[in-house]
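These notes concern the structure reproduced below.
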Amino acid sequence: MTPDLPSAPPENAAGTDPALQPVFVLVRPQMGENIGAAARAMLNFGLERLRLVDPRDGWPNPRAVAMASGAAGRVLDHAGVFPDVAGAVGDCDYVFATTARDRELTRPVVTAERAMEQARAMAAEGRRVAVLFGPERTGLENDDVVRANALISIPVNPGFPSLNLGQAVLLTAYEWRRQTVAVPAERMEFGRSEYATRIEVEKLADHYEAELDAAGFFFPETKAAGMKLNLRALWGRMTLTRAEVQTFHGMLRQILRRRG
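All residue numbers for the sequence shown refer to my numbering, where the first residue is 1 and numbers rise by one.
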C-alpha cells in the first residue's frame, strides 16, 4: 500500500493543512484517463489527497499520469491504493458518498455545497473527512454507500443524471474551494488602468459642455440649463477609468480637428 500523502506536505493555496483536507476516494475506477482528470480537477481547487480502491487497470497507470498533466506529481504520486472501501476510509471520522440514485437507506442527503461546508467545519476541528466517488458505469454499490454518514446529491437533469467521474470530482472540489477561499462575487478587471477620479470626470464634462455650447447644441436658451444638468448627470452615472476619460477627450479633439 502506498502512502496517500508526502511525509511533510506544505500548506496548500487554500491555507488548509493538506492532512486535514477531505480525502477523495475513487472506488473501482475503470479508466486511467478518468483518474487523471479527477486528479487534475482536485489540484485546480487546492486538493491533494487522493485514494484509489481496486482500480480496474491496475496502478500506476500511464494514461492517468498523461491526463493529470501537472497534477501527477502533486496528487497521483502520493495517491493511496486500497483493496476495499473499508480500508480506504478506515482512518476517517466522517464519510460522504456521491450518488445520483435514490437509495433505500436512511441517510442525510446534502448538496455538494453543504457537504463541503460541513467538511470545512470538521477539518477545523481536526476531524478527517472522506468523499466516495463510484465507478464510471455503475456508480457506488449499496455495500459502499452503507459506509457513508451522508450522501451528496448533485442536482442534475433527472432525464440524464450520469456524470463523468472527473466532472463529479470537479464539482465537489469547486465547492470545497468556495468554502475555504474568499472570492468576491464580482470584481472589476482594470488591465493597465484604474478608476478615474471625480475631478477627472468633471474636467471631461467641462470639455464636452464647452464644445457643445460653441457648436450651438444647447438650444433654445430657455432649455440650456436643463440640458447641461442632464449631461452632467449622465457623466456622473458613468463609471469611467482614466484610460476611458482620455479616450473621450481624444475623440472630441479629433472630431474638432477634422471639422477645422
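Quick reminder that beta carbons are idealized off the backbone N, C-alpha and C, glycines included.
Values in this document were obtained by computation on a predicted structure and should not be read as measured data.
**OP:** Measure the alpha-carbon distance for I199 versus V245 and round it to whole angstroms.
**Re:** In the sequence shown, the residue the question calls residue 199 occupies position 199. In the sequence shown, the residue the question calls residue 245 occupies position 245. For I199 and V245, the distance between alpha carbons rounds to 11 Å.
**OP:** Would you please state the rounded distance, in angstroms, between the beta carbons of D144 and L132? I believe it to be under 8 Å.
**Re:** As a first step, residue 144 must be located in the sequence shown, where it is residue number 144. As a first step, residue 132 must be located in the sequence shown, where it is residue number 132. 6 Å between Cβ atoms; contact.
Original post:
Touch check for the stretch 126-141 and the stretch 25-42: three-plus C-beta pairs under 8 Å?
Top reply: Contact holds between the stretch 126-141 and the stretch 25-42, because three or more Cβ pairs, one in each stretch, are under 8 Å apart.
**OP:** Evaluate the contact criterion for the stretch 67-77 versus the stretch 107-114: three or more CB pairs, one atom per stretch, below 8 Å.
**Re:** no
Original post:
Which residue spans inside the stretch 75-146 form an unbroken beta strand (DSSP E) run of at least 3?
Top reply: You should have 80-82, 94-98, 129-133.
Subject >> Where T241 falls: helix, strand or coil (DSSP) >> reply: Start at 1 with the first residue of the sequence shown, and residue 241 comes out as number 241. It is a strand residue.
**OP:** Take L171 and list the residues in its own chain whose beta-carbon comes closer than 8 Å to its own, dropping the five residues that flank it on each side.
**Re:** The count along the sequence shown starts at 1 and reaches residue 171 at position 171. A112, I154, L163.
Subject >> The alpha helix (DSSP H) enclosing A177, as first and last residue numbers >> reply: Locating residue 177 in the sequence shown gives position 177, counting from the first residue. At residue 177 the sequence reads Arg, which differs from the Ala that was named. Residues 165-180.
Original post:
Considering only residues of the same chain and omitting the five flanking positions on each side of K228, which have a CB-CB separation below 7 Å?
Top reply: If you number the sequence shown from 1, residue 228 lands on position 228. So the list reads E209, F218, once near-sequence residues are dropped.
**OP:** Provide the residue span of the alpha helix (DSSP H) that contains L212, from first to last.
**Re:** Translated into the one-based positions of the sequence shown, residue 212 becomes position 212. Unbroken alpha helix (DSSP H) run through L212: 198-214.
Original post:
Given that a residue counts as buried once 16 or more other Cβ atoms are within 10 Å of its Cβ, and exposed if not, what is R51?
Top reply: For the purposes of this step, residue 51 is taken as the residue at position 51 of the sequence shown. Flag for R51 reads buried.
Subject >> R232 beta carbon less than 7 Å from that of A205 >> reply: The residue you call residue 205 lines up with position 205 of the sequence shown. The residue you call residue 232 lines up with position 232 of the sequence shown. Going by C-beta atoms, A205 is nearer than 7 Å to R232.
Original post:
Using the rule of at least 16 other Cβ atoms within 10 Å of the residue's Cβ for burial, across every protein chain shown, is V85 buried or exposed?
Top reply: Sequence index remark: in the sequence shown, residue 85 carries index 85 (1-based). Classification of V85: buried, given that the 10 Å Cβ count is 16 or more.
Original post:
Does the distance from the C-beta atom of R49 to that of V65 stay below 7 Å?
Top reply: Looking up residue 49 in the sequence shown gives position 49. Looking up residue 65 in the sequence shown gives position 65. Not closer than 7 Å, so no.
**OP:** Please state if the CB of N149 and the CB of V95 are separated by a distance shorter than 7 Å.
**Re:** The sequence position of residue 95 within the sequence shown is 95, counting from 1. The sequence position of residue 149 within the sequence shown is 149, counting from 1. Yes. Within cutoff.
Original post:
Going by C-alpha distance, which of P18, F160, P83, G58 is nearest M42?
Top reply: Here residue 42 is taken as the residue at index 42 of the sequence shown, counted from 1. Ranking P18, F160, P83, G58 by Cα distance to M42 puts P18 first.
Subject >> Own chain partners of L240 with C-beta closer than 7 Å, once the 5 adjacent residues on each side are dropped >> reply: Stepping through the sequence shown from its first residue, residue 240 is reached at position 240. The residues are A196, V201.
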